[in-house]
Amino acid sequence: MGEPGPGMKKITHLLTTDEKAKEINFSGKHYGTFAEIGAGQEVARWFFQAGGAAGTVAKSMSAYDMTFSNAIYGTAHRFVSRERLREMLDHEYELLLERLGQERGDRSRFFVFADTVAARSHKFTGDGKGWMGIRFQTQPNCPPGNIVIHVRLKDDTNAEQMEVLGILGVNLVHAAFTHWRRPPEILNRLMDGIRPGRVEVDMVDFRGPMFQGVDNRLMSLRMVHSNLTPVALFSATGANLEAEDSFYGKSILLLRGHYRPITQFHLRMMERASAIFRNDPANKGKEIVEVNEITMRNLVRHRKAGMEDFLDRVDCMGALKKTVLVTGIFRFHRLAQYLTQRTKGSLGFVIGVPLLSKMLDEHFYNDLPGGIMEAMGRLFLPGVKLLVYPGYDPVDGKFVTGHTLKVPEPIREIHEYLVRRGKIVNLNATEKDLPPCSSSEILRNIRSGRPGWQENVPTPVVKLIQRRRLFG
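The opening position of the sequence shown corresponds to residue 2 in the working numbering, with each subsequent residue numbered one higher.
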């Protein structure tokens with residue numbers, strides 16, 4: 002557990018939601034505003050029910066109507082958005098300082114909790130989703146810090162989604178006040194009292210003086226590792242992104258790898274795939290997002306290298322302005338399902354012949370009741386294609402394409418059907434376009450100081466590796 006803030010009792014057991022609210026109410030140290038729009042006053046309700054709310058709650062409000070909300074916070078592009086949450090935090094915190102700063106600024110740690118959430122309703126029957134955040138002081142009169150999260154509510158009823166939203170909000174408030182010195186512990190405490198599968202937290206952002214040493218990319222990795230979310234997405238600058246906001250209405254071209262480091266061959270694969278993908282009539286007029294994906298399996302495989310190795314890889318891709326997706330989803334059919342739920346655009350997986358061969362191995366799907374037939378049905382949803390870079394057949398070593406790969410007899414008709422339907426697309430390349438050495442060999446040469454590896458790595462990445470002595 003992290004160190005309790007002054008005035009908070011040391012935790013000796015896992016507190017219930019009610020106990021957390023009581024502890025904050027009776028600490029006498031924290032004073033602020035709860036502003037909730039879209040899914041009711043679920044978080045504030047816990048603090049009122051716990052008793053002693055007068056010691057914590059300066060104001061509680063719900064601007065449910067869009068016109069009222071816009072009049073108070075300004076006109077946001079979207080009602081349930083990070084932009085709206087920021088406007089809420091800004092407005093309410095300024096009011097706290099303006100109206101209460103002189104009266105109790107020397108003895109109170111001000112805070113604003115805000116959320117804007119769309120829960121299940123008679124008009125909307127999908128997952129609830131929204132933004133939740135807290136701006137808070139750790140000492141009176143000190144600059145505040147921010148914690149912002151994006152949530153997805155998975156329960157089947159509106160009442161259940163609102164209930165779990167309230168619990169999650171109390172967990173965030175209590176964790177912020179109690180564990181601000183240990184941000185990873187804040188993440189650990191978010192799901193206290195929440196059954197697995199009820200909610201996902203797929204984006205987190207720590208900002209402010211007390212979080213200056215926090216790398217939000219590592220927080221993203223921790224979220225995937227601890228199953229708070231199946232994916233974490235961030236930009237080339239290291240900013241955490243929310244997948245649905247980033248992918249909404251766009252087509253996605255994705256290349257999976259371990260990227261130790263990213264090589265010229267990775268770029269060539271994506272370049273060839275991009276040329277075909279962008280000319281697909283289905284993508285006409287659509288923005289295309291090119292994504293480099295790393296699975297947790299690829300990270301865990303190199304666990305000895307630790308977090309620094311992960312950041313080395315991300316920094317190398319950042320040097321090339323790449324968007325990075327970290328996932329806990331190993332199977333492509335599950336990844337396809339996740340991504341197609343977040344955009345109506347097309348989805349292209351860029352793969353090589355060896356991976357295609359594995360994907361067409363029926364033993365690869367022994368865990369599925371429907372075997373390979375089920376997997377193919379779940380993978381090749383509308384708009385999903387495999388863009389296959391040619392290579393050497395894993396069986397006989399001959400140079401083959403995605404269309405000419407030799408497939409075992411029981412699966413051959415499936416392969417032929419997918420080719421005819423345009424679900425398996427060949428990328429234009431010859432045997433001369435294959436890499437002269439593997440990524441593993443490049444990594445060994447970097448570590449041993451053997452010259453020549455630079456020819457197979459993009460120049461900006463070479464400079465970064467040499468300057469910071471990465472992957473050593």
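Note that CB positions come from ideal geometry on N, CA and C, so glycine has one too. This structure is a prediction, so every number in the text was calculated from the model and none was measured.
Between residue 207 and residue 215, which are expected to be in contact by the criterion C-beta below 8 Å, what is the C-beta distance as a whole number of angstroms? As a working note, residue 207 is residue 206 in the sequence shown. As a working note, residue 215 is residue 214 in the sequence shown. With a Cβ gap of about 4 Å, residue 207 and residue 215 count as contacting.
Tell me whether residue 315 sits in a helix, a strand or coil according to DSSP, three-state version. Here residue 315 corresponds to residue number 314 of the sequence shown, with the count starting at 1. It is helical.
To the nearest angstrom, report how far apart residue 472 and residue 275 are at their CA atoms. The residue given as residue 472 occupies position 471 in the sequence shown. The residue given as residue 275 occupies position 274 in the sequence shown. About 29 Å.
Cβ-Cβ separation, residue 243 to residue 151 (assumed contact under 8 Å), whole Å: In the sequence shown, residue 151 corresponds to position 150, counting from 1. In the sequence shown, residue 243 corresponds to position 242, counting from 1. So it is a contact: roughly 5 Å between Cβ atoms.
Do residue 312 and residue 351 have their CB atoms nearer than 8 Å? As a working mapping, residue 312 is identified with position 311 in the sequence shown. As a working mapping, residue 351 is identified with position 350 in the sequence shown. Against a cut-off of 8 Å, the Cβ pair of residue 351 and residue 312 comes out as no contact.
From residue 305 to residue 261, what distance separates their C-alpha atoms? Numbered from 1 along the sequence shown, position 304 holds the residue referred to as residue 305. Numbered from 1 along the sequence shown, position 260 holds the residue referred to as residue 261. Per-residue confidence for residue 305 stands at a pLDDT of 49, beneath the threshold of 50, marking its modelled position as unreliable; the derived number appears in the next sentence. For residue 305 and residue 261, the distance between alpha carbons rounds to 14 Å.
Per DSSP, the bridge partner or partners of residue 329: Numbered from its first residue, the sequence shown carries residue 329 at position 328. Its beta-bridge partners do not exist; DSSP assigns none.
Where does residue 229 fall in DSSP's three states? In the sequence shown, the residue the question calls residue 229 occupies position 228. DSSP, reduced to helix, strand and coil, places residue 229 outside both helices and strands of the structure shown, so it counts as coil.
Residue 232 to residue 326 span [Cα, whole Å]: The residue given as residue 232 occupies position 231 in the sequence shown. The residue given as residue 326 occupies position 325 in the sequence shown. The C-alpha of residue 232 lies about 7 Å from the C-alpha of residue 326.
Which one of 291, 430, 448 has the shortest CA to CA distance from residue 470? Within the sequence shown, numbered from 1, the residue matching residue 470 stands at position 469. Taking only the C-alpha atoms, the option nearest residue 470 is 448.
Consult DSSP for residue 305 and reduce its assignment to one of helix, strand or coil. Looking up residue 305 in the sequence shown gives position 304. Model confidence at residue 305 stands at a pLDDT of 49, short of 50, so the residue's coordinates are unreliable; what they give is reported in the following sentence. Reduced to three states, the DSSP call for residue 305 is helix.
Would you mind sorting residue 66 into buried or exposed? The rule is 16 or more other CB atoms within 10 Å of its CB. As a position in the sequence shown, residue 66 is number 65, starting the count at 1. Around the beta carbon of residue 66, fewer than 16 other beta carbons lie within 10 angstroms, which makes this residue exposed.
Kindly indicate which residue of 465, 159, 185 has the alpha-carbon position closest to the one of residue 120. Residue 120 sits at position 119 when you count from the first residue of the sequence shown. Closest option to residue 120, Cα to Cα, is 159.
When you compare each of 90, 413, 258 to residue 441 by their alpha carbons, which one comes out closest? Against the sequence shown, residue 441 aligns to sequence position 440. Closest by C-alpha distance to residue 441, out of 90, 413, 258, is 258.
Do the stretch 69-82 and the stretch 187-205 touch if we need at least three Cβ pairs shorter than 8 Å? Counting C-beta pairs closer than 8 Å gives fewer than three between the stretch 69-82 and the stretch 187-205, which falls short of the contact rule.
Cutoff 6 Å; reference residue 309; Cβ partners in own chain excluding five residues on either side: Within the sequence shown, numbered from 1, the residue matching residue 309 stands at position 308. Taking residue 309 as the centre and dropping the five residues before and after it, the same chain places no C-beta closer than 6 Å to its C-beta.
Identify every run of the beta strand (DSSP E) within the stretch 327-373, keeping only runs that are complete inside it and at least 3 residues long; order them along the chain. Counting only runs that start and end inside the stretch 327-373, the beta strand (DSSP E) elements of at least 3 residues fall at 348-353.
Taking C-alpha atoms, which residue in 154, 193, 145 lies nearest to residue 210? Indexing the sequence shown from 1 puts residue 210 at position 209. The shortest Cα separation from residue 210 among 154, 193, 145 belongs to 145.
In whole angstroms, what is the alpha-carbon distance linking residue 109 and residue 30? By 1-based counting over the sequence shown, the position of residue 109 is 108. By 1-based counting over the sequence shown, the position of residue 30 is 29. Rounded to the nearest angstrom, the two C-alpha atoms are 5 Å apart.
Hey, residue 348 and residue 290: beta-carbon distance below 8 Å or not? The sequence position of residue 348 within the sequence shown is 347, counting from 1. The sequence position of residue 290 within the sequence shown is 289, counting from 1. No, these two residues do not count as a Cβ contact at 8 Å.
Do you know how far the Cα of residue 346 is from the Cα of residue 1? Beyond the ends of the chain as shown, which are 2 and 473, falls residue 1; an answer cannot be given.
Residues of its chain near residue 437, where Cβ-Cβ distance is below 8 Å and the 5 sequence neighbours each way are ignored: Stepping through the sequence shown from its first residue, residue 437 is reached at position 436. For residue 437, where only same-chain residues beyond five positions count, the Cβ hits under 8 Å are 457.
CB-CB under 8 Å to residue 217, same chain, minus the five flanking residues each way: which ones, in chain order? Counting from one through the sequence shown, the residue named residue 217 turns up at place 216. Hits under 8 Å: 205, 206, 207, 235, 239, 240, 241.
Where residue 458 sits in the DSSP three-state scheme: As a first step, residue 458 is located in the sequence shown; it is residue number 457 there, counting from the start. If DSSP states are grouped into helix, strand and coil, residue 458 belongs with coil.
Assign residue 206 to one of three DSSP states: helix, strand, or coil. Counting from one through the sequence shown, the residue named residue 206 turns up at place 205. Here residue 206 sits in strand by DSSP.
Top-ranked residue by Cα proximity to residue 423, from 44, 278, 168, 91: By one-based count along the sequence shown, residue 423 stands at place 422. Residue 278 is the option with its Cα nearest to residue 423.
Tell me where the beta strand (DSSP E) around residue 474 begins and ends. Residue 474 lies beyond the range of the chain shown here (2 to 473); nothing can be said about it.
Closest to residue 249 by CA distance: which of 79, 176, 272 is it? As a first step, residue 249 is located in the sequence shown; it is residue number 248 there, counting from the start. Of the listed residues, the one whose Cα sits closest to residue 249 is 79.
From which residue to which residue does the alpha helix (DSSP H) around residue 47 run? Here residue 47 refers to the residue found at position 46 of the sequence shown. First-last of the alpha helix (DSSP H) with residue 47: 43-51.
Considering only their Cβ atoms, is the gap separating residue 142 from residue 107 smaller than 8 Å? Position 106 of the sequence shown holds residue 107. Position 141 of the sequence shown holds residue 142. Closer than 8 Å, so yes.
C-beta atoms of residue 166 and residue 118 nearer than 8 Å: Counted from its first residue, the sequence shown places residue 166 at position 165. Counted from its first residue, the sequence shown places residue 118 at position 117. Yes, these two residues count as a Cβ contact at 8 Å.
Excluding the 5 residues preceding and the 5 following residue 54 in the sequence, name in chain order all residues of the same chain whose CB lies nearer than 8 Å to its CB. On the sequence shown, position 53 is the one that residue 54 refers to. Within the same chain, and ignoring the five residues on either side of residue 54 in sequence, the residues whose Cβ sits closer than 8 Å to its Cβ are 26, 48.
Using the C-alpha atoms, what's the distance from residue 149 back to residue 224? Here residue 224 is taken as the residue at index 223 of the sequence shown, counted from 1. Here residue 149 is taken as the residue at index 148 of the sequence shown, counted from 1. The alpha-carbon atoms of residue 224 and residue 149 are separated by roughly 14 Å.
If residue 474 and residue 51 are in contact, beta carbons under 8 Å, what's the gap, nearest whole angstrom? Because the chain is modelled from 2 through 473, residue 474 falls outside the range shown and cannot be assessed.
Would residue 194 and residue 18 qualify as a contact pair, given that the criterion is a beta-carbon distance under 8 Å? To locate residue 194, count along the sequence shown from 1; it is residue 193. To locate residue 18, count along the sequence shown from 1; it is residue 17. The criterion of a C-beta distance shorter than 8 Å is satisfied by residue 194 and residue 18.
Expected contact under 8 Å - CB spacing of residue 130 and residue 100 to nearest Å: If you number the sequence shown from 1, residue 130 lands on position 129. If you number the sequence shown from 1, residue 100 lands on position 99. Rounded, the Cβ-Cβ distance is 32 Å, inconsistent with contact.
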